[in-house]
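Residue numbers (the UniProt record's numbering): 1 to 86.
A short write-up of the structure that comes next.
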Amino acid sequence: MFTEWMVLSRRSEFARTLTYVQIPEYFVWNNSANVWTERKKGKTIGRVVAVHPSAGDRYYLRILINKIKGPRSYDELKTYNDVKYS
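And the structure:
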(Lines of atoms letter the chains of each structure in order from A and count residues from 1; the text may use other names and numbers.)
(Lines give C-alpha, C1' and ligand atoms only; values in the text may rest on other atoms or scores of the structure.)
Protein backbone atom coordinates (compact mmCIF):
# COMPACT_ATOMS: atom_id res chain seq x y z
CA MET A 1 0.00 0.00 0.00
CA PHE A 2 2.74 2.42 0.95
CA THR A 3 4.89 2.08 -2.16
CA GLU A 4 1.78 2.01 -4.35
CA TRP A 5 0.96 5.47 -2.96
CA MET A 6 4.06 6.69 -4.79
CA VAL A 7 3.00 4.84 -7.96
CA LEU A 8 -0.45 6.47 -7.68
CA SER A 9 1.22 9.87 -7.36
CA ARG A 10 3.12 9.22 -10.59
CA ARG A 11 -0.07 8.53 -12.56
CA SER A 12 -2.58 10.90 -10.89
CA GLU A 13 -2.05 14.64 -10.68
CA PHE A 14 -4.82 14.83 -8.06
CA ALA A 15 -3.08 12.22 -5.87
CA ARG A 16 -0.01 14.50 -5.86
CA THR A 17 -2.03 16.96 -3.77
CA LEU A 18 -2.73 14.41 -1.01
CA THR A 19 -0.84 13.05 1.97
CA TYR A 20 -0.85 9.32 2.66
CA VAL A 21 -3.60 9.71 5.28
CA GLN A 22 -5.83 11.60 2.82
CA ILE A 23 -5.62 8.95 0.06
CA PRO A 24 -8.45 6.71 1.42
CA GLU A 25 -10.88 9.65 1.22
CA TYR A 26 -10.63 9.60 -2.58
CA PHE A 27 -9.17 6.19 -3.46
CA VAL A 28 -9.82 2.61 -2.36
CA TRP A 29 -7.18 -0.12 -2.02
CA ASN A 30 -7.81 -3.07 -4.36
CA ASN A 31 -6.27 -6.03 -2.51
CA SER A 32 -6.40 -8.46 -5.43
CA ALA A 33 -4.65 -6.10 -7.87
CA ASN A 34 -2.47 -4.36 -5.24
CA VAL A 35 -3.39 -0.94 -6.56
CA TRP A 36 -5.22 2.22 -5.45
CA THR A 37 -8.34 2.92 -7.54
CA GLU A 38 -10.62 5.94 -7.53
CA ARG A 39 -13.36 5.81 -4.89
CA LYS A 40 -16.79 5.72 -6.56
CA LYS A 41 -19.06 6.33 -3.57
CA GLY A 42 -19.02 7.03 0.12
CA LYS A 43 -16.33 8.54 2.26
CA THR A 44 -13.91 7.09 4.73
CA ILE A 45 -11.21 8.30 7.06
CA GLY A 46 -7.63 7.09 6.68
CA ARG A 47 -5.54 6.28 9.69
CA VAL A 48 -1.92 5.56 10.41
CA VAL A 49 -0.77 3.40 13.30
CA ALA A 50 0.84 5.29 16.20
CA VAL A 51 4.60 4.90 16.44
CA HIS A 52 6.72 5.74 19.49
CA PRO A 53 9.71 8.07 18.95
CA SER A 54 12.04 5.32 20.18
CA ALA A 55 11.15 3.36 17.01
CA GLY A 56 13.59 5.60 15.13
CA ASP A 57 13.16 5.51 11.35
CA ARG A 58 9.59 4.22 11.53
CA TYR A 59 8.63 7.19 13.71
CA TYR A 60 10.19 9.70 11.31
CA LEU A 61 8.64 7.99 8.30
CA ARG A 62 5.22 8.36 9.96
CA ILE A 63 5.83 12.09 10.39
CA LEU A 64 6.86 12.44 6.75
CA ILE A 65 3.82 10.65 5.32
CA ASN A 66 1.60 13.03 7.28
CA LYS A 67 3.36 16.13 5.88
CA ILE A 68 4.67 15.37 2.38
CA LYS A 69 2.07 15.43 -0.39
CA GLY A 70 2.21 13.03 -3.32
CA PRO A 71 5.82 11.88 -3.43
CA ARG A 72 6.71 9.90 -6.54
CA SER A 73 9.86 8.39 -5.00
CA TYR A 74 11.71 7.98 -1.72
CA ASP A 75 13.91 10.93 -2.71
CA GLU A 76 10.85 13.17 -2.96
CA LEU A 77 9.62 11.82 0.37
CA LYS A 78 12.91 12.89 1.97
CA THR A 79 12.65 16.40 0.50
CA TYR A 80 10.89 19.20 2.39
CA ASN A 81 10.90 22.89 1.39
CA ASP A 82 13.41 22.05 -1.38
CA VAL A 83 15.88 20.60 1.15
CA LYS A 84 16.75 16.91 0.80
CA TYR A 85 17.29 15.13 4.10
CA SER A 86 19.00 11.77 4.56
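Where a beta carbon is used, it is the ideal one built from N, C-alpha and C, also for glycine.
(message) Here's the rule I'm using: 16 or more other beta-carbon atoms within 10 Å means buried, otherwise exposed. How should Ile63 be labelled?
(response) Ile63 counts as exposed, since fewer than 16 other beta carbons sit within 10 angstroms of its beta carbon.
(request) Would you kindly check if the distance between the Cβ of Val48 and the Cβ of Asn66 is under 8 Å? (result) Yes, these two residues count as a Cβ contact at 8 Å.
(request) Kindly list the residues whose CB is nearer than 8 Å to the CB of Phe14, restricted to its own chain and excluding five residues on each side of it in sequence; keep chain order. (result) These residues qualify, in order along the chain: Tyr26.
(message) Rounded to the nearest angstrom, what separates Val21 and Gly46 at their Cα positions?
(response) Their Cα atoms are separated by approximately 5 Å.
(request) Write down the C-beta distance between Met1 and Ser73 rounded to the nearest angstrom, noting that I regard them as a contact closer than 8 Å. (result) Actually they are not in contact, since the Cβ atoms of Met1 and Ser73 sit about 16 Å apart, beyond 8 Å.
(request) Starting from Glu25, follow its DSSP beta bridges and name the residues at the other end. (result) Under DSSP, Glu25 forms no beta bridge with any residue.
(message) Quick check: the Cα distance between Leu8 and Ser54, rounded to an integer number of angstroms?
(response) Going by C-alpha positions, Leu8 is about 31 Å away from Ser54.
(message) Just to confirm, is the Cβ distance from Thr36 to Glu76 under 8 Å?
(response) In the sequence on display, residue 36 carries Trp and not Thr. Result no, Cβ atoms of Trp36 and Glu76 do not sit closer than 8 Å.
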